[in-house]
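Chains as they are written, first to last, in the working numbering: chain A, 16 to 453; chain B, 32 to 346.
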């Protein structure tokens with residue numbers, strides 16, 4: 016009886032082990048079906064997921080193959096993409112934030128697309144905004160095709176301005192920095208109401224730096240340019256808004272600080288942000304609109320940023336590459352970008368899909384006018400092949416200036432030697448990429 | 032009658048049937064069964080622990096950006112550590128975190144274990160409640176503590192305000208960001224030590240205390256000469272695991288301060304992660320992680336050396 020019980024137990028254990036093995040093997044071997052159109056994208060909300068599902072349906076309808084999208088929350092997207100690229104399990108097409116295109120391109124993670132574009136008479140690159148094309152390229156070659164592109168603008172709370180009896184700003188003419196500062200001060204009631212909000216980070220600071228005629232790096236990217244007078248003027252102007260004029264809501268935590276959530280409280284007059292936040296700002300319980308970014312010495316030339324789709328280098332020539340190119344074209348086609356723009360996600364990168372990005376807010380049309388050069392202006396986000404490192408360095412030292420813990424000159428003097436080292440590393444990477452290409 | 036031995040056949044001992052040598056211990060049935068049971072863990076250890084350690088050793092000798100073919104770097108990645116201020120600052124921050132958080136955690140755990148060992152009613156309920164922070168995911172706890180630390184409206188500063196103390200802007204202050212992380216980490220991890228200490232306390236024979244009482248020992252002397260020596264194996268275990276854990280601190284620093292302000296709360300593991308997966312410098316990240324590994328091994332070995340003098344085992 017005892018033996019029998021032992022045998023049964025062993026058998027059960029073996030059976031369970033066998034079942035677990037089969038399940039494990041099945042799990043390991045599960046993947047997209049052969050011939051499927053696989054693509055990777057970030058997605059952090061249900062609304063965003065819905066847009067990508069609609070993209071999937073559109074792809075299936077256009078290509079007649081199954082669409083398999085790998086959606087990952089935006090914060091974890093680059094890490095997941097890296098691991099997929101390294102392990103050879105990346106999708107045929109992957110979305111890339113414009114700031115990381117040089118990083119991936121320089122390391123050979125994605126293939127350049129010029130040969131595919133040249134061989135495809137149906138594909139018109141001219142239909143994409145010039146800034147989108149610039150963002151999607153590296154070292155004179157096209158590595159990605161844009162799906163959105165937009166300049167930074169200034170959101171404003173119309174109700175708050177009206178309540179204070181302040182005339183609404185021009186819808187097309189950028190105000191000067193001095194006017195902006197006066198307005199922000201006028202609209203601030205300490206502890207109750209604030210004139211302005213932006214993120215205490217380089218992503219927002221660059222718009223002011225470009226407007227002052229400066230940049231993060233020199234024209235040849237051989238050295239840091241943050242210490243140049245133009246950049247210093249811009250940095251000091253913004254930091255003064257925080258520390259001296261105190262027209263911004265107090266910073267409670269550098270990690271969770273969000274200009275959008277500050278603005279949505281309804282007690283902040285101006286918010287610096289991109290049109291990609293229009294979809295969220297529509298939930299505001301007050302009347303609001305957007306205007307061009309305030310003009311500095313160099314005019315109103317804020318950061319223009321965007322995102323694109325690219326093909327990993329691991330995609331094999333032949334049928335796989337053919338499908339990848341067809342998929343890339345479909346995901347960036349006017350039809351797909353219509354879906355994207357109609358959902359209000361952001362301004363589409365294609366001129367022909369522009370009409371789908373509609374109000375509210377009333378003045379949404381300036382986004383395309385700015386990109387077309389009809390109103391104010393913009394400056395493509397200049398980045399290096401080691402932009403993560405540059406951002407990390409600036410993210411360590413610059414936020415302390417917003418808190419008044421260190422002055423702007425002290426912070427810039429402290430970080431410039433390290434930034435110069437990163438610039439030299441960037442140039443080395445570009446040289447290596449050029450040599451590889453040659 | 033004499034017996035001639037010459038006529039008698041020589042007495043020879045019949046050869047004993049050859050004794051079969053027992054199989055070596057490692058081939059015995061028991062050993063094979065043991066190996067079978069160990070096998071899943073062993074395979075897991077080799078693939079997921081030993082393998083990566085060896086791989087890190089190899090990668091530390093390479094220049095590798097993940098995407099291109101790696102190239103030989105020799106010891107260059109180790110040489111880069113010397114002049115890298117962020118590495119030393121991260122090492123300093125990690126050491127600060129360890130030196131303060133480990134003693135504090137042990138003190139709190141021990142005090143609570145002693146309290147719970149007083150034969151309170153519903154001790155299981157208290158024990159479970161006090162263990163909750165340890166059982167909760169660090170990421171969730173970190174977000175709750177961000178709100179607790181908010182400068183003006185946060186609970187921590189509100190409580191300090193009741194005593195007339197104007198609390199600092201914890202997570203953005205040069206001085207207070209690391210203590211804020213330490214406080215949260217102590218709260219998060221004291222439950223583990225508490226449970227281990229409580230088990231240790233409950234295993235101390237009561238006769239020792241009774242003998243002490245007969246001799247008229249004070250409660251303090253009883254704690255000093257009975258409880259502490261008898262609890263020393265548990266104490267040693269908690270110290271070793273806490274030091275190793277604190278050297279690997281990562282998630283709370285990443286979520287609550289992202290290493291700031293400046294590099295005040297950038298820990299070594301955070302810096303390794305950034306180097307490897309944000310800066311794509313796998314070789315340098317591997318070199319850093321081997322140095323961290325060496326530090327942990329050195330400290331743990333030192334602790335084991337002191338164990339012989341300070342830890343009391345029954346046997």
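Glycine included, C-beta positions come from ideal geometry on N, C-alpha and C.
Proximity to residue i [Cα-Cα], best of the options
i	options	result
residue 113 of chain B	B:283, B:204, B:315, B:138	B:315
residue 147 of chain A	A:251, A:439, A:116	A:116
residue 451 of chain A	B:110, B:255, B:99, B:313	B:99
residue 192 of chain B	B:202, B:203, B:180	B:180
residue 102 of chain B	B:313, B:320, B:344, B:129	B:313
residue 49 of chain A	A:314, A:319, A:107, A:411	A:107
residue 132 of chain A	A:336, A:70, A:197	A:336
residue 228 of chain A	A:175, A:293, A:179, A:310	A:310
residue 55 of chain A	A:312, A:440, A:343	A:343
residue 348 of chain B	B:93, B:280, B:262, B:77	Within the shown structure, residues of chain B are numbered from 32 to 346, placing residue 348 of chain B beyond reach of any answer.
residue 264 of chain A	B:177, B:78, B:182, B:122	B:182
residue 368 of chain A	A:358, A:377, A:376	A:358
residue 53 of chain A	A:83, A:74, A:259, A:240	A:83
residue 208 of chain A	A:168, A:374, A:174	A:174
residue 445 of chain A	A:432, A:152, A:59, A:380	A:152
residue 222 of chain A	A:248, A:200, A:236, A:205	A:248
Whether residue i touches residue j by CB criterion (9 Å)
i	j	result
residue 210 of chain A	residue 285 of chain A	yes
residue 124 of chain A	residue 100 of chain A	yes
residue 303 of chain B	residue 323 of chain B	yes
residue 406 of chain A	residue 78 of chain A	no
residue 229 of chain B	residue 257 of chain B	no
residue 416 of chain A	residue 269 of chain A	no
residue 165 of chain B	residue 118 of chain B	no
residue 87 of chain A	residue 324 of chain A	no
residue 92 of chain A	residue 292 of chain A	no
residue 201 of chain B	residue 189 of chain B	no
residue 194 of chain A	residue 278 of chain A	no
residue 161 of chain A	residue 144 of chain A	yes
residue 234 of chain B	residue 296 of chain B	no
residue 349 of chain A	residue 360 of chain A	no
residue 349 of chain B	residue 124 of chain B	In the structure as shown, chain B begins at 32 and stops at 346. Residue 349 of chain B is therefore absent and cannot be evaluated.
residue 198 of chain A	residue 190 of chain A	yes
residue 395 of chain A	residue 121 of chain A	no
residue 429 of chain A	residue 443 of chain A	no
residue 128 of chain B	residue 333 of chain B	no
beta-carbon residue i near the ligand ZN non-hydrogen atom, thresh 8 Å
i	result
residue 319 of chain A	In terms of ligand content, the structure shown is empty, and the ligand ZN therefore cannot be addressed.
Integer-rounded CB distance, given that residue j should sit under 8 Å from residue i
i	j	result
residue 454 of chain A	residue 307 of chain A	Residue 454 of chain A is absent from the model: chain A starts at 16 and stops at 453.
residue 287 of chain B	residue 104 of chain B	Contact doesn't hold; Cβ gap of about 35 Å is too wide.
residue 111 of chain A	residue 322 of chain A	7 Å
residue 402 of chain B	residue 161 of chain B	Nothing can be reported for residue 402 of chain B, as the shown portion of chain B is limited to 32 through 346.
residue 283 of chain A	residue 172 of chain A	7 Å
residue 362 of chain A	residue 165 of chain A	4 Å
residue 274 of chain A	residue 287 of chain A	7 Å
residue 238 of chain A	residue 397 of chain A	Going by Cβ atoms, the distance from residue 238 of chain A to residue 397 of chain A rounds to 14 Å, so no, they are not a contact pair.
residue 113 of chain A	residue 315 of chain A	About 20 Å separates the two Cβ atoms, so there is no contact after all.
Using a beta-carbon distance cut-off of less than 8 Å, what residues from the stretch 316-327 of chain B approach chain A?
Listed by position, the residues of the stretch 316-327 of chain B near chain A (Cβ gap below 8 Å) amount to none.
Taking beta-carbon pairs under 8 Å, can you tell me which members of the stretch 251-265 of chain A lie near chain E?
In summary, chain E is missing from the structure at hand, where the protein chains are A and B.
If the cut-off is 7 Å on Cβ atoms, which residues from the stretch 85-104 of chain A count as contacting chain B, listed in chain order?
Per Cβ criterion, the list reads 94, 97, 100, 101.
Entirely within the stretch 113-152 of chain B and at least 3 residues each: give me those beta strand (DSSP E) ranges in chain order.
Those beta strand (DSSP E) runs which fall completely within the stretch 113-152 of chain B and span 3+ residues do not exist here.
Could you give the uninterrupted runs of the alpha helix (DSSP H) lying entirely in the stretch 171-249 of chain A, keeping only those of 4 residues or more?
With a minimum length of 4 residues, the continuous alpha helix (DSSP H) runs that stay inside the stretch 171-249 of chain A are 173-178, 192-201, 217-226.
Closer than 7 Å, Cβ to any Cβ of chain A: which residues of the stretch 86-108 of chain B, in chain order?
Residues of the stretch 86-108 of chain B with a Cβ closer than 7 Å to any Cβ of chain A, in chain order: 96, 97, 98, 99.
Relative to chain B, which residues along the stretch 264-298 of chain A have a C-beta separation below 8 Å, given in chain order?
Within the stretch 264-298 of chain A, the residues whose Cβ lies closer than 8 Å to any Cβ of chain B are, in chain order, 265, 266, 267, 268, 269, 270, 271.
Of the residues that make up the stretch 187-207 of chain B, which ones have a beta carbon closer than 7 Å to any beta carbon in chain A?
Of all residues in the stretch 187-207 of chain B, 202, 203, 205 have a Cβ within less than 7 Å of some Cβ in chain A.
Beta carbons nearer than 9 Å to chain B: which residues of the stretch 135-156 of chain A have them?
So the list is empty, because no residue satisfies the distance condition.
Short-range partners of chain B found in the stretch 431-442 of chain A, where Cβ spacing is below 9 Å
The residues in question are 433.
Any C-beta of chain B within less than 8 Å: which residues of the stretch 390-408 of chain A qualify?
For chain B, the residues of the stretch 390-408 of chain A that bring a beta carbon within less than 8 Å of one of its beta carbons are 401, 403, 404, 407, in chain order.
Could you tell me which uninterrupted alpha helix (DSSP H) segments, each at least 4 residues in length, are contained entirely in the stretch 232-277 of chain B, listed from first to last along the chain?
Under the rule that a run must span 4 or more residues, the alpha helix (DSSP H) segments found entirely inside the stretch 232-277 of chain B read 237-245, 250-253.
If you scan the stretch 50-126 of chain A from start to end, which runs of the beta strand (DSSP E) of 3 or more residues do you find wholly inside it?
Listed in chain order, the beta strand (DSSP E) runs fully inside the stretch 50-126 of chain A are 52-57, 82-87, 108-112, counting runs of at least 3 residues.
Length-filtered (4 minimum) alpha helix (DSSP H) runs lying within the stretch 310-342 of chain B:
Qualifying alpha helix (DSSP H) stretches, in chain order: 313-341.
Alpha helix (DSSP H) segments (min. 4 residues) lying fully within the stretch 324-368 of chain A:
For the stretch 324-368 of chain A, whole alpha helix (DSSP H) runs of length 4 or above, ordered along the chain, are 334-346, 349-357.
Give, in chain order, every residue of the stretch 410-424 of chain A whose Cβ lies closer than 8 Å to some Cβ of chain B.
When C-beta distances to chain B are compared with 8 Å, the residues of the stretch 410-424 of chain A below that value are 410, 411, 412, 414, 415, 418, 420, in chain order.
Residues of the stretch 282-315 of chain B in Cβ contact with chain A at a cutoff of 8 Å, in chain order, please.
So the close ones are 286, 287, 288, 289, 290, 291, 292, 293, 294, 297, 305, 308, 309, 310, 311.
Where the stretch 122-133 of chain A meets chain B: residues whose CB sits under 7 Å from a CB there:
Taking 7 Å as the Cβ-Cβ cut-off against chain B, the residues of the stretch 122-133 of chain A that qualify are 122, 123, 124.
Using Cβ-Cβ distances below 7 Å, what residues of the stretch 170-183 of chain B are close to chain A?
Within the stretch 170-183 of chain B, contact with chain A at the beta-carbon level (separation under 7 Å) is assigned to 177, 181, 182.
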